[in-house]
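Some notes on the structure that comes next.
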Amino acid sequence: MSNVDFGKKEFDSGDLLHFLSRWFRPLFIISIAAALLSSVASFLIDEKYSSTVILFPVSTNSISKALLSTQTGSKTDILEFGEEEQAEQLLQILHSDEIRDRIIEKYDLIHHYDIDTSSRFPKTALFEEFENNITFERTEFMSVRIEVLDKEPELAARIANDIAALSDSVRHRMHRERAIKALRIVEQEYDQKVKEVHALEDSLTTLRRWGVYDYHVQTEVLTEQRAQALIKGNQNVAREIDRTFELLAKYGAASVAITDQLHKEYNRLAELKERYEETKVDVQEELPFKFVVDRAVASEKKKYPIRWLIVAVSTFSAFLLSILTIAILEKWRSIRMQSGSNKL
Numbered sequence: 543m544s545n546v547d548f549g550k551k552e553f554d555s556g557d558l559l560h561f562l563s564r565w566f567r568p569l570f571i572i573s574i575a576a577a578l579l580s581s582v583a584s585f586l587i588d589e590k591y592s593s594t595v596i597l598f599p600v601s602t603n604s605i606s607k608a609l610l611s612t613q614t615g616s617k618t619d620i621l622e623f624g625e626e627e628q629a630e631q632l633l634q635i636l637h638s639d640e641i642r643d644r645i646i647e648k649y650d651l652i653h654h655y656d657i658d659t660s661s662r663f664p665k666t667a668l669f670e671e672f673e674n675n676i677t678f679e680r681t682e683f684m685s686v687r688i689e690v691l692d693k694e695p696e697l698a699a700r701i702a703n704d705i706a707a708l709s710d711s712v713r714h715r716m717h718r719e720r721a722i723k724a725l726r727i728v729e730q731e732y733d734q735k736v737k738e739v740h741a742l743e744d745s746l747t748t749l750r751r752w753g754v755y756d757y758h759v760q761t762e763v764l765t766e767q768r769a770q771a772l773i774k775g776n777q778n779v780a781r782e783i784d785r786t787f788e789l790l791a792k793y794g795a796a797s798v799a800i801t802d803q804l805h806k807e808y809n810r811l812a813e814l815k816e817r818y819e820e821t822k823v824d825v826q827e828e829l830p831f832k833f834v835v836d837r838a839v840a841s842e843k844k845k846y847p848i849r850w851l852i853v854a855v856s857t858f859s860a861f862l863l864s865i866l867t868i869a870i871l872e873k874w875r876s877i878r879m880q881s882g883s884n885k886l
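Reminder that position 213 of the sequence shown reads as 755 in my numbering, one-by-one numbering, no gaps.
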């Protein structure tokens, strides 16, 4: 068989060996050329080093609820690791424009990445390079991995650690903004409640000046005193007590109502005071929102490019593409020959 019949439905190993032996020289030359070219190209690619930070989010967002709350069931463990929800929240913060822009500004990445500032879309190119070199992902253990690739291993480590620190900074800023507004609301409500309590206390003070102190106690004591006065025949004392009874009858209900209301307002005021102190802690104090498992360190070995893999894949791809191209040409030539013989 002078030519391999690629039109057959079955292609056995003999055909393949014959094909390879026939085209061995060009296939060998193409493969060697591909290996040499890919090897040279791989050395033109900038080497990049990887630095990684591993974080676990915390399970609580509020310092006051974690440390100061007295409500049953509201206190959380500040040492507890967060779960999927907290990990997703941390990832969202890590992807924020604020962190990206602060890292770009601090390390002057637009020049470090050799971005052409005179191009039409320099920021777009910068952001794409940032996303290519800096990645965030959640691991199977619900931790979060920050990985930075860079030509300088020390710089990669610094950027990774700074991003981890900025995740706390951004989250503290967000929480503080909300806590400050909450503190203002609680302060206003607390001040208003203090005014209401003072008004009730002033009303009780006025009633006490009139002789109404404690309606229930006074009624019990005066009843006994009146009975003793009548037994002794002391009508003047009895009449004086009757006048006090008239005063109690007139203002006693108001005294009881104000006293009951004042007790309720005292309880409400205590709750507001507690809430005020908790919110004040959230504004003034900070706790990390993450546990750092592994901090980034400068890598001694490059991660990219893997030159042997580039050469191997390029050579094998060139070899397969050559076989496919030759097979197509063989098939096309066979068809032409068959067409010419049919015409004869």
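Every residue, glycine too, gets a C-beta built ideally from N, C-alpha and C.
No experiment lies behind these values; they were computed from the predicted model shown.
Cβ pair residue i, residue j closer than 7 Å
i	j	result
Q628	P599	yes
F678	L633	yes
A706	V595	yes
F831	D710	yes
I688	A667	no
L814	K735	yes
A583	T857	no
K844	E671	no
E622	S601	yes
V834	L597	yes
M684	E626	yes
Helix, strand or coil at residue i according to DSSP, with G and I counted as helix
i	result
L866	helix
E499	Given that the chain is displayed from residue 543 to residue 886, the structure contains no residue 499 and the question cannot be resolved.
I587	coil
I877	helix
Y755	coil
Y846	strand
R687	strand
I657	coil
F623	strand
F663	coil
D704	helix
L871	helix
L597	strand
D831	In the sequence as displayed, the identity of residue 831 is Phe instead of Asp. Coil at F831, not helix or strand.
D650	coil
S638	coil
S841	coil
Residue i, buried or exposed, once every other Cβ within 10 Å from all chains shown has been counted against 16
i	result
N675	buried
V855	exposed
L742	buried
M624	It should be pointed out that residue 624 corresponds to Gly in this sequence rather than to Met. It is buried - the Cβ of G624 has at least 16 other Cβ atoms within 10 Å.
Y755	exposed
L863	exposed
Y846	exposed
Y591	buried
I572	buried
Q747	The displayed chain sequence assigns Thr, not Gln, to residue 747. Answer is exposed; the Cβ neighbour count stays below 16.
I870	exposed
T867	exposed
M879	exposed
A769	exposed
L499	Missing from the structure shown is residue 499; the chain here goes from 543 to 886 and no further.
D643	exposed
D704	buried
T614	Any reading at T614 is ruled out, since the residue's pLDDT is 49, under 50, leaving its predicted position unreliable.
R875	exposed
I877	exposed
Nearest to residue i (by Cα), restricted to the options the options
i	options	result
H560	K693, I865 and W874	I865
E827	D658, K806 and A721	A721
K693	H654, E670 and D650	H654
T786	Q730, L579 and Q760	Q760
R849	I587, Y793, I574 and R564	I587
I574	V853, A771 and H805	V853
H836	V763, E647 and V686	According to the sequence shown, residue 836 is Asp rather than His. Of the candidates V763, E647 and V686, the one whose C-alpha sits nearest the C-alpha of D836 is V686.
E762	E647, G775 and L790	L790
R751	S797, T659 and R567	S797
Q803	H740, T821, E630 and F683	H740
H821	F833, K723, L829 and Q777	Note on identity: in this sequence residue 821 is Thr, with His being the wrong assignment. Comparing Cα positions, the closest option is K723.
S841	A698, F683, R810 and W565	A698
W565	I877, R700, R875 and F861	F861
D733	I773, R810 and K806	R810
K898	R781, R700 and R680	No statement about residue 898 is possible, as the shown extent of the chain runs from 543 to 886 and does not include it.
F585	E872, L851, S859 and S661	L851
A812	E673, S661, E731 and E696	E731
Presumed contact (8 Å Cβ cut-off) between residue i and residue j, rounded CB distance
i	j	result
I635	R713	6 Å
E729	Y818	7 Å
H717	D639	Wrong, their Cβ atoms sit about 18 Å apart, outside the cutoff.
L749	Y793	6 Å
L562	L569	7 Å
Proximity test, Cβ basis, 7 Å: residue i and chain C
i	result
L651	No chain C is present in this structure, which holds just one protein chain.
beta-carbon residue i near the ligand PLP non-hydrogen atom, thresh 6 Å
i	result
E589	Although the ligand PLP was asked about, the structure shown includes no ligands whatsoever.
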